[in-house]
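Everything below concerns the one structure shown next.
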C-alpha cells in the first residue's frame, strides 16, 4: 500500500501525517500491520531512522501498538476507520434530476428483490436456469474469444448478433426488419433510457399503464417527464383514456405487466391510430412476449405498425440469463441516428464477447430450443401454482392464467391493499418472500394483490411456498369473513389487527 507525503515540513512529520490519514480513511484498518520499516524506506527513498521516528511517535500518540518481533499494528481506538468524517454526509440535490431521483429511487428497497436468508420466494422477472445451456454457452464463449478484436465494440452492436436477431424476431414476433434496423443495448432499462434521451424533454407527457412496470416509470420520472396514468382492463391499456398532447406512450401489449392481459386487436388499432394522428411515439416493451405458454402466437404491435411510430424493445436477459444484460431496439428508420447517438453517449457499445457468443447460440438453433424448453417448464410451474391457488383459497383469490410470462397476479378483494405490509412481514418470519402489486400503481390499489412469480421455483418449491402463504394469509381472510365482508367490499387494515 502506498503512503502519500504532502511535501510540507520535515520528512518524518510528512510520514506521520500520511500514516494518520491512511488509518483515518480505513486504508490501514484496525489490527492491520504497518509496512515494515525497511520496506517503507525503499518505497519512499528515505532513511530507516526517519521511519522508526515516525512509528515511535504514532505509538506514543496511541495510533499503533508494537509487538516485539512482529512489528507495529493499528490500534483499536477512536482513531481507526474515521472514513470520510471530514466530509458532509448529506448535501442538497445538485440538480433537478437528482432531486426527483431521491424522491423515487431507493436501491435498498427495490421491489421484487429477494431478501437475504429467505428459503422460498415468489420472485418475478427471474429467468429459468437451463443447465443444458451451460456447456453450449461455454463453447460459444471459447469460440468467440479469438475472434473478439481488442477494440471498442460497435455502437450499434455486433453485426452477427443483429442479423441473427432480425431473423429470430421475424419468425417469432412477426417483425420484418434487417440487421441495420437493430440496436443492441444493455437490457430494457438502457433501451428506455436511450429512448428518453432521444425523444423527451423535461416536462413532456408520457402515457403509462396503470398499473405498470415501476422501473420504467421511475426512469421517466427521473428524466422529468409528466406521467399520465392510463387504466388497464381485461383488454389491456384503455386507449380512449389517453389524453391529447402526449409525446410518448409506454406499453407492454403482449403480456401486460403486472396483470398479464393482452392488448386486444381493437385497442392495438386504436393505439397506432392515436400515435399517427398526434405524432406520438410508442415504446413497445415486449415483456415476456417470447414465452408462449399456451394459445396461438401473437404478433407484436410493431408488426402491425405501417407508419413507423413504434419502437420495439426486447431483452435477452429474461429469456436467457439476467447476468448478461443485453437487449435490443428495433428502431424506426427516422429515429435510428438519434437512438445511436444516445447509445454512444451512455457506453460506446455493449460487450463484444457476449454478443458474439449469443449470435452463435441463435444461429445454431440452440436458443430456439432453449425457448421451447423454457415455455414447457413455465407451463408446468404455472399449472402447479394455479392448482395450489384454487385448492387453498378457492373463490377468495381471483386471477387469470397468462398466455405467456413468468408470473400471475392474484387479487384478494376481501382485503385492503394496506394488509400487504403485514402479510409480507409475516411471510418473512416464515421464510417466504411475497411481493405486493402496490409499486406498480401511481394511485394505491384498493384490494390486496400479490405478484406470484413461478420461474425461479420448482414445482415442489411452489407447493411448499403456497403452504406457507396459506398459513400466513388465512387468518386475515378468516377475520375478513368474520367481519361480514363480501367480494365487493374492502376491509381496512385496522379491522384486521388485534
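Residue numbers (this note's numbering): 1 to 498.
Cβ coordinates follow ideal geometry from the N, Cα and C atoms, glycine included.
- Counting along the chain, residue 152 sits inside no alpha helix (DSSP H), nor does DSSP assign it H or E at all.
- Taken atom to atom, the span from the alpha-carbon of residue 255 to that of residue 402 is near 8 Å.
- Here residue 292 carries a strand assignment [DSSP, helix/strand/coil].
- The DSSP assignment places 182-185, 205-210 as complete runs of the beta strand (DSSP E) inside the stretch 153-214, in order along the chain (cut-off: 3 residues).
- Around the Cβ of residue 267, a 10 Å sphere holds 16 or more other Cβ atoms; the residue is buried.
- C-alpha of residue 60 to C-alpha of residue 18: approximately 16 Å in a straight line.
- A direct Cα-to-Cα measurement between residue 58 and residue 52 gives close to 10 Å.
- Residue pairing by DSSP leaves residue 56 without any beta bridge partner.
- For residue 483, the secondary structure class from DSSP, reduced to helix, strand or coil, is coil.
- Taking C-beta separations shorter than 7 Å and ignoring five residues to either side along the sequence, the partners of residue 111 in its chain run 214, 435, 439, following chain order.
- The beta carbons of residue 470 and residue 392 sit about 4 Å from each other, so the pair counts as a contact at 8 Å.
- A residue is called buried once 16 or more other Cβ atoms fall within 10 Å of its Cβ, and residue 300 is buried on that count.
- The three-state secondary structure of residue 450, taken from DSSP, is strand.
- In this structure residue 294 is exposed. Its beta-carbon is surrounded by fewer than 16 other beta-carbon atoms within 10 angstroms.
- Taking 3 residues as the minimum length, the beta strand (DSSP E) runs contained wholly in the stretch 376-445 are 407-416, in order along the chain.
- With respect to the 8 Å criterion, residue 270 and residue 228 are not classified as neighbours on the basis of their beta carbons.
- The DSSP assignment places 64-67 as complete runs of the beta strand (DSSP E) inside the stretch 1-73, in order along the chain (cut-off: 3 residues).
- Distance from the CA of residue 272 to the CA of residue 101, rounded to the nearest whole angstrom, comes to 32 Å.
- Residue pairing by DSSP places residue 314 opposite 328 in a beta bridge.
- For residue 467, the closest of 186, 211, 433, 277 by C-alpha to C-alpha distance is 433.
- Where residue 352 is concerned, the enclosing alpha helix (DSSP H) starts and stops at 352-364.
- For residue 248, the pairing in a beta bridge is given by DSSP as 206, 281.
- In the structure shown, residue 97 adopts helical secondary structure according to DSSP, grouped into three states.
- Rounded to whole angstroms, the separation of the alpha carbons of residue 197 and residue 323 is 25 Å.
- Secondary structure note for residue 142: its alpha helix (DSSP H) is the uninterrupted segment 132-144.
- When secondary structure is reduced to three states using DSSP, residue 255 falls in the coil class, being assigned neither helix nor strand.
- Residue 120 has 432 as its beta-bridge partners, per DSSP.
- Shown here, residue 459 sits in a helix according to DSSP, grouped into three states.
- Beta-carbon to beta-carbon, residue 349 and residue 153 are separated by about 3 Å, close enough to satisfy the 8 Å threshold.
- Beta bridge pairing from DSSP links residue 236 with 233.
- The DSSP-derived three-state label of residue 306 is coil.
- Counting along the chain, residue 261 sits inside no alpha helix (DSSP H), nor does DSSP assign it H or E at all.
- In this structure, residue 70 lies away from residue 55, with their beta-carbon atoms at least 8 Å apart.
- When only Cα atoms are considered, residue 459 and residue 381 end up about 6 Å apart.
- Annotation for residue 337: the continuous alpha helix (DSSP H) segment containing it runs 336-347.
- Rounded to whole angstroms, the gap between the alpha carbons of residue 385 and residue 374 is 16 Å.
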